[in-house]
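Undergrad: The structure is given below, and queries will be raised subsequently.
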Amino acid sequence: LETFVGHQVLRIRASNKEQIQKLQFLETLEHLQLDFWLNPSSPALPVDVRIPFHSLQAVKVFLESNSIEYSILIEDLQVVLDEEKQAMALSQQ
Amino acid sequence: RERSSSTFNYGTYHSLTSIYEELDNLAHECSGIVSKLTIGESYEKRPLYVLKFSTGGTNRPAIWIDAGIHSREWITQASAIWIARKIASDYGSDPSITSLLDKMDIFLLAVANPDGYEFTHTENRMWRKTRSRNQGCLCIGVDPNRNWDAGFGGPGASSNPCSDTYHGPSANSEVEVKSIVDFIENHGNIVAFLTLHSYSQLLMYPYGYKCTKPADYAELDSVGKAAASSIHSLYGTTFEVGSICTTIYQASGGSIDWSYDYGIKYSFAFELRDTGTYGFLLPASQIIPTAEETWLGLKTIMEHVRDNPY
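Respectively, the protein sequence lines represent chains A and V. Numbering-wise, the first sequence is residues 1 to 93 according to my numbering. Numbering-wise, the second sequence is residues 1001 to 1310 according to my numbering.
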């Protein structure tokens, strides 16, 4: 069973087209194993991305060094998954 | 084991087996208007079941609804099951649904990607793709919503089999997609194609593979806005309306682009709750509210389809 301990989901808000292009570049960096829940398309729309623990630092440095604003939507994905599992187990009981 | 829906809890998420049992229950309990068809099987040989809602007649105009093509979007499969029950129970009591079903059929595919759904329950909750093998590559699966024959392989789809948006080796390479295409083509009288996804609260019409307006732009936009307003009326959930390209991003090989280009004018994609707080892990307490509001949006579109034959 794949676990998601330490995975975070960030909401990124690009302020212009240039930043969108930077995020699109980030999408191409396969070694980071990012999972874009909402892909970068326009500054009007947020970008949500699940980031494995091992890539967190690199992504945050990338965003901060390019002055791209972000916030943490899900602090630890596994915690939310565990809650979902518990809710399902309770319901089954 | 006795067939009965009385113990089925619509307010929680279910395994594939449990959902399939409930489809059987519905077809059994409402056999006057509901029947279960098998339109094919998945890569791993799981059946693709469609519920047919019909009051008779042959080859009537019909509405197609599917859910869960991206397997991790559990709220869509759950909403589809609730909606199936709603259609069956409203026939004969809700004049709108009664008149609709007296005139047209509805086909509902509640789990469009059963292999992926099973995989999310057993191996990887975040799995989105099919489970087909890619020759010469360790990475598994194709994004089934990049695999349709509509601008296949264009912008917004990946040629990398390890990507979550991998378009596959060719259009319709995924048996799950091909089964739907074959069913719709063989039917020949599908007049609306509605697909349920999550999340981000959007209601979209073509196109995604190109950023030009569809020929029926004005009508689709107006129907979409009316549906979004219906959704909003229940719990205040706000849906943005527009084409895939202008609303989210350019994405090729999507289902509603194929259906629209095939000639199905009323082609819409829903992106259900939420706006990011839970992602694909929407709390079970929100399943029924989501299904309820989605149902209102679907109903608005279906009523328009009923009243505007083409």
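Ideal placement from N, C-alpha and C gives every residue a C-beta, glycine not left out.
Can you name, in chain order, every residue of its own chain whose Cβ lies under 8 angstroms from the Cβ of residue 1121 (chain V), other than the five neighbours on each side?
TA: Same-chain partners within the cutoff: 1015, 1016.
Undergrad: Would you say residue 1124 (chain V) lies against chain A (beta-carbon separation less than 7 angstroms)?
TA: Cβ-Cβ to chain A under 7 angstroms: yes for residue 1124 (chain V).
Undergrad: Mind checking residue 1025 (chain V): buried by the 16 CB within 10 Å criterion, or exposed?
TA: By the 10 Å Cβ count, residue 1025 (chain V) comes out buried.
Undergrad: Identify the continuous alpha helix (DSSP H) that holds residue 1104 (chain V) and give its terminal residues.
TA: Counting along the chain, residue 1104 (chain V) falls outside any alpha helix (DSSP H), and DSSP gives it neither H nor E.
Undergrad: Leaving out five residues on either side along the sequence, give the residues of the same chain with a beta carbon under 8 angstroms from the beta carbon of residue 70 (chain A).
TA: Taken in chain order, the residues that qualify are 10, 11, 12, 13, 60, 63.
Undergrad: Report the three-state DSSP secondary structure of residue 8 (chain A) (helix, strand or coil).
TA: Residue 8 (chain A) falls in the strand class under three-state DSSP.
Undergrad: Quick one: list the residues of chain V neighbouring residue 59 (chain A), beta-carbon separation under 8 angstroms, in chain order.
TA: Chain V residues near residue 59 (chain A): none, gap ~16 angstroms exceeds 8 angstroms.
Undergrad: Taking the Cβ atom as the reference point for each residue, do residue 1289 (chain V) and residue 1235 (chain V) lie within a distance shorter than 7 angstroms?
TA: Result yes, Cβ atoms of residue 1289 (chain V) and residue 1235 (chain V) sit closer than 7 angstroms.
Undergrad: Can you tell which of V:1212, V:1232, V:1219, V:1222 has its C-alpha closest to the C-alpha of residue 1244 (chain V)?
TA: It is V:1212 whose Cα lies nearest to the Cα of residue 1244 (chain V).
Undergrad: Quick check on residue 1047 (chain V): does DSSP put it in helix, strand or coil?
TA: The answer is strand: DSSP assigns residue 1047 (chain V) an E or B state.
Undergrad: By the 7 angstroms beta-carbon criterion, what residues does the region 64 to 88 of chain A contribute toward chain V?
TA: From the region 64 to 88 of chain A, only 73, 74, 80, 81, 84, 87, 88 have a Cβ closer than 7 angstroms to chain V.
Undergrad: List the residues of chain V that residue 39 (chain A) touches, going by C-beta distances under 9 angstroms, in chain order.
TA: Within chain V, the residues near residue 39 (chain A) are 1156, 1165, 1248, 1249, 1251.
Undergrad: Where does residue 1117 (chain V) fall in DSSP's three states?
TA: It is helical.
Undergrad: Short of 8 angstroms in beta carbon distance, which residues of its chain neighbour residue 1092 (chain V), apart from the five on each side in sequence? Order them along the chain.
TA: Excluding sequence neighbours, residue 1092 (chain V) sits near 1098.
Undergrad: Touching or not, the region 1040 to 1057 of chain V and the region 1107 to 1122 of chain V, by the rule of three or more beta carbon pairs under 8 angstroms?
TA: Contact between the region 1040 to 1057 of chain V and the region 1107 to 1122 of chain V is present, because at least three Cβ pairs lie under 8 angstroms.
Undergrad: Short of 6 angstroms in beta carbon distance, which residues of its chain neighbour residue 1209 (chain V), apart from the five on each side in sequence? Order them along the chain.
TA: Hits under 6 angstroms: 1150, 1151, 1154, 1252, 1257.
Undergrad: How is residue 48 (chain A) classed by DSSP in three states: helix, strand or coil?
TA: If DSSP states are grouped into helix, strand and coil, residue 48 (chain A) belongs with the strands.
Undergrad: Counting only C-beta atoms, is residue 1279 (chain V) closer than 7 angstroms to chain A at any point?
TA: Cβ-Cβ to chain A under 7 angstroms: yes for residue 1279 (chain V).
Undergrad: Between V:1292, V:1277, V:1116, V:1124, which has its C-alpha nearest residue 85 (chain A)'s C-alpha?
TA: That would be V:1124, whose Cα lies nearest to the Cα of residue 85 (chain A).
Undergrad: In terms of residues, what are the limits of the beta strand (DSSP E) holding residue 1198 (chain V)?
TA: That run of the beta strand (DSSP E) goes 1190 to 1198.
Undergrad: Using alpha carbons as the reference points, say which of A:67, A:1, A:28 lies closest to residue 18 (chain A).
TA: The shortest C-alpha separation from residue 18 (chain A) is found at A:67.
Undergrad: Rounded to the nearest angstrom, how far is the Cβ of residue 1270 (chain V) from that of residue 1294 (chain V), given a contact under 8 angstroms?
TA: That pair is a contact at about 6 angstroms.
Undergrad: Exposed or buried, residue 2 (chain A), counting other C-beta atoms within 10 Å across all chains shown (16 or more means buried)?
TA: Residue 2 (chain A) comes out exposed.
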